[in-house]
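Student: Residue numbers (the numbering used here): 4 to 291.
One structure, as structure tokens, below. Some questions next.
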């Protein structure tokens, strides 16, 4: 693992204004579920940090980070591994949250493990972008670390070394590529007994076929993947639900915000729907 240094800064007034007026209407179902979660004060403070990118703050109304991380039982003392952090949306919250007492580990795909012409350049750009973000803001990321993994044979750290593993909207990729069994086994191996696996994923109406490219996955499919690796389902929440999502879009989940892969004439239609309907699942590795 390699130490990374980091930061960004933004103004309080801008962040407050953005969080007060999300780009898209919030789902009433998610709002109701979120209100039932007891939010950790430490997590709430990390979410409200003025160092977060204002563009990321605008999505809080659909991603519900304070409620989601509280539901996953994260604490400031947790050793937490985030799988494929992308542009670091959650990294901005997680790394500062555990900076003093715990450890944040960004698990990124090793570009060298991906064949030429099959996403290697994308994975390299993604890794470079995350490292640039971390290097720019040491106040947030100076104690963050990185582990690069091979999706075909993933190892995320020493066995039984992590308290929490988190994955946000990644399972559809592993399901389609046939890598889900290995990924969930990797999560199980790296977690301590009693550790938590937190999963947020685009939710299909029912189980999807092997050739499905919509980006949605059946909730029971995800539960089965985790249970096959040895996990026990410990809880589910509608924090990230969106009943307005009909799940029949021409370009799958990427039709919806924030990707907005649709004709300009349909912008109002998809803005009214908002981001995808998502399952939020908490699994436990049984204590010995």
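All C-beta atoms in this analysis are idealised placements derived from N, C-alpha and C, irrespective of residue type, glycine included.
With respect to the beta strand (DSSP E) encompassing residue 238, which residues constitute its N-terminal and C-terminal limits?
Tutor: Position 235 of the chain shown holds residue 238. Start and end: 235–240.
Student: Would residue 83 and residue 108 qualify as a contact pair, given that the criterion is a beta-carbon distance under 8 Å?
Tutor: The residue given as residue 83 occupies position 80 in the chain shown. The residue given as residue 108 occupies position 105 in the chain shown. Contact flag set, yes.
Student: Examine the Cβ distances between the region 275–283 and the region 83–95 and report whether three or more of them are shorter than 8 Å.
Tutor: No, the region 275–283 is not in contact with the region 83–95.
Student: Closer than 7 Å by C-beta to residue 117: which residues in its own chain qualify, once you throw out the five before and the five after it? Chain order, please.
Tutor: On the chain shown, position 114 is the one that residue 117 refers to. So the qualifying residues of the chain are 123 and 126.
Student: Rounding to the nearest angstrom, what Cα-Cα distance links residue 227 and residue 174 in this structure?
Tutor: In the chain shown, the residue the question calls residue 227 occupies position 224. In the chain shown, the residue the question calls residue 174 occupies position 171. Taking the straight line joining both Cα atoms gives about 12 Å.
Student: Here's a check: name, in chain order, each residue in its chain whose Cβ is nearer than 7 Å to the Cβ of residue 146, leaving out the five neighbours to either side.
Tutor: Within the chain shown, numbered from 1, the residue matching residue 146 stands at position 143. Answer for residue 146: 102, listed in chain order.
Student: Output the boundary residues of the beta strand (DSSP E) element that contains residue 205.
Tutor: Numbered from 1 along the chain shown, position 202 holds the residue referred to as residue 205. It spans 194–205 - the beta strand (DSSP E) in which residue 205 sits, taken as one unbroken run.
Student: Should the region 261–272 be called in touch with the region 178–197, which here means at least 3 C-beta pairs below 8 Å?
Tutor: Contact between the region 261–272 and the region 178–197 is absent, because fewer than three Cβ pairs lie under 8 Å.
Student: Hey, residue 189 and residue 216: beta-carbon distance below 8 Å or not?
Tutor: In the chain shown, residue 189 corresponds to position 186, counting from 1. In the chain shown, residue 216 corresponds to position 213, counting from 1. No, Cβ-Cβ distance for residue 189 and residue 216 is not below 8 Å.
Student: For residue 168, tell me which candidate among 208, 134 and 75 has the shortest Cα-Cα distance.
Tutor: Numbered from its first residue, the chain shown carries residue 168 at position 165. Per the Cα distances, 75.
Student: Between the alpha carbons of residue 100 and residue 54, how many angstroms are there, rounded?
Tutor: If you number the chain shown from 1, residue 100 lands on position 97. If you number the chain shown from 1, residue 54 lands on position 51. So the two alpha carbons sit approximately 12 Å from each other.
Student: In chain order, what residues of the same chain have a beta carbon less than 7 Å from the beta carbon of residue 150, not counting five sequence neighbours either side?
Tutor: Mapped onto the chain shown, residue 150 falls at position 147. So the list reads 4, 108, 110, 159 and 160, once near-sequence residues are dropped.
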